[in-house]
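Numbering (the working numbering), first residue to last: 175 to 313.
The structure under discussion appears below in the form of structure tokens.
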């Protein structure tokens, strides 16, 4: 059974709507645009049209960052050849969240502090679902 990701734009909060949770899985809430990212079997897509709180249904697009381009833009190769690695440097990143991906957490967790200015949560998380990638030069 093939599943797809869609964005459903709503007139009200749908998280507790049994019709939605019976059809698919809510992956992310997008509160700024009153929408949800829903993973749903393609065969059940037509059933969404019967839910009156849904204003619109949009296809999602896959977007990915290209680190080979970013490395060139910031001259990472040049400074690495000069012996600079970033080892011992701490940086701060202001973003909508941080996704606990392997390159940040393995072999050791490199997130030394996290502050949620909006929701007040203590543990690192990413509620926007866009992921997180910060390159580092040393293994």
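The C-beta atom is built at its ideal place from N, Cα and C for all residues, glycine as well.
| Asked | Found |
| --- | --- |
| Inter-stretch contact (C-beta, 8 Å, three-pair minimum) for the segment 182-201 and the segment 244-258 | no |
| Reduced DSSP category for residue 209 - H, G, I as helix; E, B as strand; rest coil | strand |
| Beta-carbon proximity check, residue 225 vs residue 246, cutoff 7 Å | no |
| Residue 285 burial status per 10 Å Cβ neighbour count (16 or more: buried) | exposed |
| Burial state of residue 209 (16 or more Cβ within 10 Å) | buried |
| Among 214, 287, 244, nearest to residue 264 - alpha-carbon criterion | 287 |
| Residue 296 to residue 212 span [Cα, whole Å] | 26 Å |
| Residue environment, residue 271, which counts as buried when at least 16 other CB atoms sit within 10 Å | buried |
| Buried or exposed (CB count within 10 angstroms, at least 16 for buried), residue 207 | exposed |
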